[in-house]
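Visitor: The sequence shown begins at 0 in numbering that gives the first Met the number 0 and counts up by one.
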Amino acid sequence: MTRYIFITGGVVSSLGKGLGSAALGALLQARGYCVRLCKLDPYLNVDPGTMSPFQHGEVFVTDDGAETDLDLGHYERFTGVPAKATDNTTTGRIYTSVLQKERKGEYLGATIQVIPHITNEIQDFIREKEGTADFVLCEIGGTVGDIESLPFLEAIRQFGNEVGRKRAIFIHVTLLPYIPAAGELKTKPTQHSVKELMSYGIRPQILLCRADRPIEEDERNKIALFCNIDQKKVIPALDVSSIYEVPITYHDEGLDHQVMDSFGIKDISNLDLSTWHNIVKNIKEPESEVTIAIIGKYTNLADSYKSLNEALIHGGIANKVKVKLKFIEAEIFEKEALSDHLEGVNGILVPGGFGDRGVEGKIKAAQYAREKKIPYFGICYGMQMAVIEAARNLCGIDGAGSSEFKKCRVPVIGIMTEWTKGDKKELRKKDENLGGTMRLGAYPAKLKEGSKVAGIYNSLEISERHRHRYEVNINYIEQLERSGLKFSGMSPDGRLPEIIEYVDHPWFIGVQFHPELKSKPFDPHPLFVSFISAAIEQERLV
Ligand code: GLN
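1. Can you pull the DSSP bridge partners for Met-489?
2. In terms of residues, what are the limits of the alpha helix (DSSP H) holding Arg-156?
3. Are the region 482-501 and the region 281-297 in contact at 8 Å, needing three or more beta carbon pairs?
4. Evaluate the contact criterion for the region 354-366 versus the region 471-478: three or more CB pairs, one atom per stretch, below 8 Å.
5. Leaving out the 5 sequence neighbours to the left and right, which residues in its chain are closer than 7 Å to Phe-151 when beta-carbon positions are compared?
6. Measuring from the CB of Arg-156, is there a heavy atom of the ligand GLN at a distance below 7 Å?
7. Determine the DSSP secondary structure at Asp-522, reduced to helix, strand or coil.
8. Give the DSSP bridge partners of Thr-173, in chain order.
9. Could you tell me if Glu-66 is buried or exposed, where buried requires 16 or more neighbouring beta carbons within 10 angstroms of its beta carbon?
10. Counting Cβ pairs, one atom from each stretch, are 3 or more of them under 8 Å apart for the region 131-150 and the region 0-16?
11. Please determine, among Leu-98, Gly-488, Ile-222 and Asp-46, the residue with the shortest C-alpha to C-alpha distance to Val-233.
12. Compare the Cα-Cα distances from Gly-19 to each of Ile-247, Lys-165 and His-467 and report the closest residue.
13. Applying the criterion that 16 or more other CB atoms from any shown protein chain within 10 Å of the CB defines a buried residue, is Val-58 buried or exposed?
14. Starting from Thr-7, follow the beta strand (DSSP E) in both directions and report where the run begins and ends.
15. Identify every run of the alpha helix (DSSP H) within the region 204-256, keeping only runs that are complete inside it and at least 4 residues long; order them along the chain.
16. Using DSSP bridges, identify the partner residues of Tyr-375.
17. Determine which residues share a DSSP beta bridge with Lys-424 and list them.
18. Would DSSP call Gly-352 helix, strand or coil?
19. How long is the line joining the alpha carbons of Glu-105 and Lys-325, rounded to whole angstroms?
20. Report the residue from Val-452, Ala-453, Glu-460 and Lys-451 whose alpha carbon sits nearest the alpha carbon of Lys-445.
21. What do you get for Ser-273, buried or exposed, if any count of 16 or more other CB atoms within 10 angstroms of its CB means buried?
22. Go ahead and label Ser-401 buried or exposed: buried means 16 or more other beta carbons lie within 10 angstroms of its beta carbon, across all protein chains shown.
23. When you measure from the CB of Gly-352 to every non-hydrogen atom of the ligand GLN, does any distance come out below 7 Å?
24. Using beta-carbon positions only, say whether Asp-238 and Asp-211 come within less than 8 Å of one another.
25. From this set, Leu-27, Ala-301, Leu-36 and Phe-512, which residue's C-alpha is nearest Gly-17's C-alpha?
26. What does DSSP give as the partner residues of Leu-36 in its beta bridges?
27. Measure the alpha-carbon distance for Tyr-375 versus Gly-56 and round it to whole angstroms.
28. Let's see if you can read the secondary structure: which residues bound the alpha helix (DSSP H) around Asn-318?
29. Among the residues of its own chain, which have a CB less than 7 Å from the CB of His-256, if the five just before and after it don't count?
30. Residue range of the beta strand (DSSP E) that Ala-385 falls in?
31. Is the separation between the beta-carbon of Leu-516 and that of Val-60 shorter than 8 Å?
32. Just verifying my parser: in three-state terms, what is the DSSP assignment at Ser-532?
33. Mind reading off the beta-carbon distance from Leu-207 to Ile-170? Whole number of angstroms is fine, and I expect it under 8 Å.
34. Are Tyr-304 and Gly-315 touching if we call contact CB-CB under 8 Å?
35. Pro-285 and Lys-319: beta carbons closer than 8 Å?
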């Protein structure tokens, strides 16, 4: 029997509902349950694939090639359960599907309405998870009271009503703001938010109250009284210094116990949270520190490189070091000397990106790392930049660039129109939807025996997630290899370069995929572990 936990948010956005859901998922797993997490996003885009990272943070890519909300990244990092395309939907997708059915005549005779057609479609998305886990945790994006989220709230109300209280509960995440003049945490916004939720027919069983300081007994009682909720189910969710502390603190406050209680499940003995305790210990008591420069384009919005930041932290956990991140706008290097900004950094990372703003700066960063023998990690665009740098400066191909640049005379990076995946031929057509021209999701790669990456992965076959439109043009491989840049990972059909490395450099690796998407605190990605270890080595040498 599958049970459902719906998580809504109130008062303000950015309350950490996604993290809270992920942490609860991890706690239920620690109780021996199988969990599945999913998210309903109220915006009108069909998926976040076409949104700027400035708008919506990172786009998380699943193995099965879906471009999804970054909260799915939290879910996967906390539970280790690989996210699927069917774990995220949006208003845009729901409407698209309903309208397609309408055109096909599937509702023949009916007037198509928000209720029941849209709400039924949303419920189908939820119902599809039946039987796939003991607990399905379903987060509703946005804030209660938004016009956009109404159909979703109505759908989960109907769904909860249909399966009954033994199988569906509602958790509402709110904020208790601290007002310095009054010297206290205020409960009124929470009261109003719960009232609003109740006006849609949803009565939350549990309140998760975010606050920046301890919530006194009095305040908890007040919330319980006004919101019609058991006092023990008003759970403080205080700020913590590391997100990986969240499962521990929520457990200490009784969240998972209260979830069991709400479902009427008899509680078991103590949970083993030692994995989380070890992770937090390594974060809080590092043995030393390294600084990694991230040369990108979306550097002033922390969420745009969410998985990357976490993967670097995971690399630090594995090496027992604190990883300090120094974000640098790539464009700066088009005007200023690199050494002014990169003095003292122990590793340089050029992450994924799109468009040509800042590309010359990224290419210079790759050159700086290669010449000064500083560990360099190029991810997706960062690998392409390193290839262009080698083409220009080692092979003497003047004007080498990517077809993605506004001006490019020699596209060493270009569009590949055809390759094979397994025994299937895949084609990329110019006039497809923007998303359609991308190589998305998990693809296998074969690694060269004896290469550095084969050692790091300890395997000759890997599978990693992709999200890009362009590829290294294989006609240049020979020339690039002669200059010292080795292609140590290729697609099984040999047509798509996947990994590059320099043999005579302490650590210079570029990958066409996004390894950060698969890293977890309890299972750090080997490339990040190795990169951070190279950075530690570099720190020792200076
Ligand atoms: N813009 C590059 C491409 O589309 C790289 C994409 C990325 O870094 N994710 O190929």
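All C-beta atoms, glycine included, are put in the ideal place defined by N, C-alpha and C.
Guide: On the basis of the data shown:
1. Lys-445 and Pro-496
2. 149-162
3. no
4. Touching, no, given that fewer than three Cβ pairs across the two stretches are closer than 8 Å.
5. Leu-39, Pro-41, Ile-121 and Ile-139
6. no
7. strand
8. Cys-208
9. buried
10. yes
11. Taking each of Leu-98, Gly-488, Ile-222 and Asp-46 in turn and checking the Cα distance to Val-233, the smallest one comes out for Ile-222.
12. Ile-247
13. buried
14. 2-8
15. 216-226 and 245-251
16. Ile-347 and Phe-507
17. Checking the DSSP bridge columns, you'll see Lys-424 partnered with Thr-419.
18. coil
19. 54 Å
20. Glu-460
21. exposed
22. buried
23. yes
24. yes
25. Leu-36
26. Leu-136
27. 24 Å
28. It spans 305-318 - the alpha helix (DSSP H) in which Asn-318 sits, taken as one unbroken run.
29. Asp-266
30. Taken as a continuous stretch (DSSP letters only), Ala-385 belongs to no beta strand (DSSP E), being part of the alpha helix (DSSP H) at 380-392.
31. yes
32. helix
33. 6 Å
34. no
35. yes
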